[in-house]
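Enquirer: Quick one: the structure is below, and I'll ask about it shortly.
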Amino acid sequence: MLRSAAASWTLFFGLLLIMAGNGLQIVLLGVEAKDSGFSNVVTGFVMAGYFLGMFFGSILVPKLLNNVGHVRVFGAMSALASAAVLVIALFVNPVIWAAMRILTGLSFAGMYIVCESWLNDKSTNETRGQMLSLYMIISMGGLGIGQLLVGFGGEQSVGLFVMASVMVSIAVVPILLTAGSAPSFEEPERMSIRRLVQVSPLAVVGLAINGIAVSMMFGMGAVYGRSIGMDNTEVGYFMTAPMLGALLLQYPVGRLSDRFDRRLVILVVTIMGGIAAGCATIFGKQEFALLILCMLIYGGALFPSYSLCIAHANDFLTPSQMVAAASGLVMVNGVGAIIGSPLAALSIEYLGIGSFFVMVASVQVAMALVVLFRMSRRSAVPNEAQGPFVAIPESGSAVVATLNPEAQWVPGTDEIAEEEDPFRGNPYVN
């Protein structure tokens, strides 16, 4: 892994800056929206703009790459993302903020796609898994670092907005100076939703619910923290704890899923996340250390479930179908993320701030019920028939699926070849 990191350290360093800039914005916008007097519902829709931009960016940016190339697209997306942060700092207006968040989401989708494409080009079959692991660690770590930075600016929010803009701008330098020749790019095929539901209803519903849960936390978590009296530093700790939990538990949870029925592991982490969210309703700022512990456990349960659902779907697929399936599942997750922030905001607005974690816990309960239902309808895949767990960063685009060492993706191939239909003779699909 160290050799892989050394060979692409500039690319990873640029990615770290991008993620830190994004993490800082996530917390800062929630805090500033609350301090500026935005209603909770308005804030929820503003924060959902990022996920809406990510969704459309994942569709539009690949077409731009084919027309103008990686270097120009990356430079343009970085400039737009950097400018959007500064516009938000200049104009305290929810309509402008929502538009800039959509632009930010689209821009970050473009930068993720370019970075993932370059990483895929720099990877060999032997190093692909290591590169994906590093990408996941740096993505989660960068987001966490950025969220912590909100405490370093005191109450001077303009300086923090400028800091976020500078990080995104500087990230371009190491990436563009050392990326080398642009790799050839072909957008992965996406498996249809109907086909995905046939492959694994649990994966489809699970990733939609996961998107809702993550959006609730990222979109309204800082608003919750501010509403119960946290200062910037405390909000930073509160929002970083789930990232740390994800880094600590991602791989242990994944290894357990390789040894047991993956659905059982998904059920256990879902219940664990629901209990953590339920306990968080009890602890406020007065029990801050216990609240942070709850968030650590919640993040450690929430984020691995994303990779677990994709791994569960892969258990019913051939290697050549995994990229198409993952690309479709990422889009399903994106739709859920668009819904999450407004849903949490409506709950807070009409039921009070205390309903935030009740809503978060309810989402986990819904997920647990889905898992139990699917376990009653389909036999477990034997351990020897399961593929190995691969941690996939939730912050990335659909292109990251091409880094999965278990997948065999050939650009230009059909979504599913008739002769390798996963449902033919598969006793675990019904």
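Reading the sequence shown from the start, the letters are residues 750 to 1179 in the working numbering.
Beta carbons: idealized from backbone N, C-alpha and C, even for Gly.
Taking Phe-761 as the reference, give the member of Ser-785, Tyr-861, Ser-827 with the closest Cα.
Expert: Checking every option, the nearest Cα to that of Phe-761 belongs to Tyr-861.
Enquirer: Less than 8 Å between the C-beta atoms of Gly-793 and Leu-1039, yes or no?
Expert: It is not a contact, given that the beta carbons lie outside the stated cut-off.
Enquirer: Which two residues bound the contiguous alpha helix (DSSP H) that contains Asp-711?
Expert: The structure shown does not extend to residue 711, since the chain is modelled only from 750 through 1179, so no value can be given for it.
Enquirer: Going by CA-CA distance only, name the one from Leu-997, Tyr-799, Val-817, Ser-1056 that's closest to Ala-848.
Expert: For the residues Leu-997, Tyr-799, Val-817, Ser-1056, the minimum Cα distance to Ala-848 belongs to Tyr-799.
Enquirer: Would you say Ser-1006 and Leu-1057 are within 8 Å of each other, going by their C-beta atoms?
Expert: Yes, the Cβ-Cβ distance between Ser-1006 and Leu-1057 is below 8 Å.
Enquirer: Which runs of the alpha helix (DSSP H) at least 4 residues long sit entirely within the segment 797-865? Give them in chain order.
Expert: 819-839, all fully within the segment 797-865.
Enquirer: Quick one: what's got a C-beta closer than 6 Å to Cys-1043's C-beta in the same chain, skipping five residues either side?
Expert: Once the five neighbours on either side are set aside, the close Cβ partners of Cys-1043 are Ala-1025, Cys-1028, Ala-1029.
Enquirer: Pick helix, strand or coil for Pro-1137, following the three-state DSSP scheme.
Expert: Of the three classes helix, strand and coil, the one that applies to Pro-1137 here is coil, per DSSP.
Enquirer: Between the Cα of Phe-1032 and those of Ala-1074, Phe-1106, Ile-1020, Pro-1001, spot the shortest distance and give me the residue it belongs to.
Expert: Answer by Cα proximity: Phe-1106.
Enquirer: With C-beta atoms as the reference, is Gly-770 less than 8 Å away from Val-917?
Expert: Against a cut-off of 8 Å, the Cβ pair of Val-917 and Gly-770 comes out as a contact.
Enquirer: For Gly-772, which three-state DSSP category applies?
Expert: Helix at Gly-772.
Enquirer: Do you know offhand how far Met-768's Cα is from Leu-1100's?
Expert: Going from the Cα of Met-768 to the Cα of Leu-1100 covers about 33 Å.
Enquirer: Between the alpha carbons of Ser-1125 and Val-1014, how many angstroms are there, rounded?
Expert: Answer to the nearest angstrom: the Cα atoms are 15 Å apart.
Enquirer: Ignore the nearest five residues each way along the sequence and tell me which others in Gly-968's own chain have a CB closer than 7 Å to its CB.
Expert: For Gly-968, where only same-chain residues beyond five positions count, the Cβ hits under 7 Å are Gly-793, Met-796, Ala-797, Gly-1089, Ser-1090, Ala-1093.
Enquirer: Among Met-880, Ala-858, Gly-763, whose alpha-carbon lies nearest the alpha-carbon of Val-1079?
Expert: The shortest Cα separation from Val-1079 among Met-880, Ala-858, Gly-763 belongs to Ala-858.
Enquirer: Given a cut-off of 8 Å, decide if Val-1120 and Leu-945 are closer than it, judged by their beta-carbon atoms.
Expert: Going by C-beta atoms, Leu-945 is not nearer than 8 Å to Val-1120.
Enquirer: Counting pairs of Cβ atoms below 8 Å between the segment 949-965 and the segment 1058-1076, do you hit three or more?
Expert: Yes, since at least three Cβ pairs between the segment 949-965 and the segment 1058-1076 fall closer than 8 Å, the two stretches touch.
Enquirer: Between which two residues does the alpha helix (DSSP H) holding Gln-947 run?
Expert: That run of the alpha helix (DSSP H) goes 942-948.
Enquirer: Quick one: using the 10 Å Cβ neighbour count with 16 as the cut-off for buried, is Ser-888 buried or exposed?
Expert: Classification of Ser-888: buried, given that the 10 Å Cβ count is 16 or more.
Enquirer: In the DSSP assignment, find the alpha helix (DSSP H) that holds Pro-1091 and state where it starts and stops.
Expert: 1071-1100 is the extent of the alpha helix (DSSP H) around Pro-1091.
Enquirer: Let me know the alpha helix (DSSP H) ranges lying completely inside the segment 959-1003, each 4 residues or longer, listed in chain order.
Expert: Those alpha helix (DSSP H) runs which fall completely within the segment 959-1003 and span 4+ residues do not exist here.
Enquirer: How do the segment 772-786 and the segment 888-902 stand: do at least 3 beta-carbon pairs fall below 8 Å, yes or no?
Expert: Short answer: they touch.
Enquirer: Can you tell me whether Val-953 is buried or exposed? The criterion is at least 16 other CB atoms within 10 Å of its CB, across all chains shown.
Expert: It counts as buried.
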